[in-house]
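Engineer: Quick note: the sequence shown, position 120, residue 799 per my numbering, numbers continuous.
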Amino acid sequence: MSADLKHFCRLAIALCLLLGVSQSVLAQVYTYIDADGNRVFTDQPHRNAKKVEIAPTNRVDQPTKAPSRASKAKPAASPIFHYQLLRILAPEPDSTIRDIEGNLNVTVSNDPELQPDHLYRLLLDSNPYGEPTRSPVFPLKNIDRGTHQLSVEIIDQYGRVLERTPNQPFHLVRISLAQKRLAQPCKTDDYGVRPECPIKNKPEEKSSFFPFFR
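(1) Give me the Cα-Cα distance between Ser788 and Ile776, rounded to the nearest whole angstrom.
(2) Give the secondary structure of Asn880 by DSSP, where H, G and I count as helix, E and B as strand, and everything else as coil.
(3) Hey, Val831 and Asn784 are a contact pair by Cβ (cut 8 Å); roughly how many whole angstroms apart?
(4) Exposed or buried, which one is Val852 when buried takes at least 16 other CB atoms within 10 Å?
(5) Taking the DSSP output, what are the residues bridged to Asn782?
(6) For Lys859, does the three-state DSSP call read helix, strand or coil?
(7) Rounded to the nearest angstrom, what separates Ile833 and Leu856 at their Cα positions?
(8) Is Val840 buried or exposed, if buried means 16 or more other CB atoms sit within 10 Å of its CB?
(9) For Tyr711 and Val731, which I take to be in contact (beta-carbon distance under 8 Å), what is that distance rounded to the nearest angstrom?
(10) Using the three-state DSSP reduction, which class does Asp868 fall into: helix, strand or coil?
(11) For Pro874 and Arg813, I'd like the C-alpha separation in whole angstroms.
(12) If Glu842 and Leu793 are in contact, beta carbons under 8 Å, what's the gap, nearest whole angstrom?
(13) Using 8 Å for Cβ pairs, my map puts Gly781 next to Asn821. What's the rounded Cβ distance?
(14) Can you give me the C-alpha to C-alpha distance between Gln858 and Lys881, rounded to a whole angstrom?
(15) Could you check where the beta strand (DSSP E) with Leu674 kicks off and where it finishes?
(16) Run through DSSP, which three-state label would Leu793 get?
(17) So, with DSSP's three-state summary, where would you put Ile834?
(18) Among all the DSSP beta bridges, which residues are the ones paired with Glu842?
(19) Would the C-beta of Arg718 count as close to the ligand GDP, meaning under 6 Å from any of its heavy atoms?
(20) From Phe849, Ile759, Gly838 and Pro818, pick the residue whose C-alpha is nearest to that of Leu829; which is it?
(21) Please name the residue, chosen from Asp868, His761, Ser774 and Pro795, that lies closest to His827 on a Cα-to-Cα basis.
(22) Report yes or no: is there a C-beta of chain B within less than 7 Å of the C-beta of Asp823?
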């Protein structure tokens, strides 16, 4: 084999080595001229050898995927608390309420007592009436005459219905002022006191001066 061919083969082998190793290894390649005048490439330092600077490869490292932030877990809802008893004390079922202005009070009772963060919610004809409250007494104002259905719920801080009473009917009768006057006639002291006895309707008192004169 001629010297030129041997030199070419050595260069080819060296290039293959350079291409087959990682960049960290290529950074430690040395070259020198041996006694026969041939250029030698090696990974071992040698007297009069020069370090070969290897250009970085075009390999693109995949970007490290940033760890996804764990979504904040919603606090688990507490177990549902159950009441042994919940009922409407007043008005009694199927009772008749007579009020000229259509007002009445609804009172509820439960056992055990209302827990912290729990509220009562009144339903009139299956619709919420007013805002949930911790008071067991609900004042109803200006309710239309006729038959209505009452129900009460206990809800927790998550809005879950813990307990609910069955619908309970009551009948509201709104009598007129004339009917009230007819049922209980107005007396002198009633004028200006009872709504159906306005002061303007108070009859004039007969004068007691000289009662012997006719």
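Glycine included, each C-beta is placed from N, C-alpha and C at the ideal position.
Structural biologist: Let me lay it out:
(1) For the purposes of this step, residue 788 is identified with residue 109 of the sequence shown, where counting begins at 1. For the purposes of this step, residue 776 is identified with residue 97 of the sequence shown, where counting begins at 1. Each residue's alpha carbon lies about 20 Å from the other.
(2) Along the sequence shown, one-based indexing puts residue 880 at 201. Residue state, collapsed to three classes: helix.
(3) Residue 831 sits at position 152 when you count from the first residue of the sequence shown. Residue 784 sits at position 105 when you count from the first residue of the sequence shown. No, Val831 and Asn784 are not in contact; Cβ-Cβ is about 13 Å, not under 8 Å.
(4) In the sequence shown, residue 852 corresponds to position 173, counting from 1. Here Val852 is exposed: its Cβ has fewer than 16 other Cβ atoms, across all protein chains shown, within 10 Å.
(5) Here residue 782 refers to the residue found at position 103 of the sequence shown. Answer is none; Asn782 lacks a bridge partner.
(6) Along the sequence shown, read from residue 1 onward, the residue named residue 859 stands at position 180. Three-state DSSP puts Lys859 in a helix.
(7) By 1-based counting over the sequence shown, the position of residue 833 is 154. By 1-based counting over the sequence shown, the position of residue 856 is 177. The C-alpha of Leu856 is placed about 39 Å away from the C-alpha of Ile833.
(8) Counted from its first residue, the sequence shown places residue 840 at position 161. Exposed, since its Cβ has fewer than 16 Cβ neighbours within 10 Å.
(9) Here residue 711 corresponds to residue number 32 of the sequence shown, with the count starting at 1. Here residue 731 corresponds to residue number 52 of the sequence shown, with the count starting at 1. Contact between Tyr711 and Val731 does not hold, since the beta-carbon distance rounds to 10 Å and is not under 8 Å.
(10) Within the sequence shown, residue 868 is the residue found at index 189, counting from 1. In the three-state DSSP reduction, Asp868 falls in the helix class (H, G or I).
(11) Here residue 874 refers to the residue found at position 195 of the sequence shown. Here residue 813 refers to the residue found at position 134 of the sequence shown. Those two C-alpha atoms are separated by around 33 Å.
(12) As a working note, residue 842 is residue 163 in the sequence shown. As a working note, residue 793 is residue 114 in the sequence shown. No, Glu842 and Leu793 are not in contact; Cβ-Cβ is about 11 Å, not under 8 Å.
(13) Here residue 781 is taken as the residue at index 102 of the sequence shown, counted from 1. Here residue 821 is taken as the residue at index 142 of the sequence shown, counted from 1. Correct: roughly 5 Å between the Cβ atoms.
(14) Position 179 of the sequence shown holds residue 858. Position 202 of the sequence shown holds residue 881. Cα-Cα distance, rounded: 18 Å.
(15) For the chain, the structure presents residues 680 to 893; residue 674 sits outside this window and is missing.
(16) As a first step, residue 793 is located in the sequence shown; it is residue number 114 there, counting from the start. Coil, per DSSP.
(17) Taking the first residue of the sequence shown as 1, we reach residue 834 at position 155. Looking at Ile834 - three-state DSSP - the assignment turns out to be strand.
(18) Residue mapping note: residue 842 aligns to position 163 of the sequence shown, counting from 1. In DSSP, Glu842 forms a bridge with Ile833.
(19) Ligands in the displayed structure: none, and consequently the ligand GDP is not present.
(20) What you label residue 829 is simply residue 150 of the sequence shown in a count that begins at 1. The alpha carbon of Leu829 has as its nearest neighbour, out of Phe849, Ile759, Gly838 and Pro818, the alpha carbon of Phe849.
(21) In the sequence shown, the residue the question calls residue 827 occupies position 148. From the listed residues Asp868, His761, Ser774 and Pro795, the smallest Cα separation to His827 is found for Ser774.
(22) Annotation note: the requested chain B is absent from the structure, which comprises a single protein chain.
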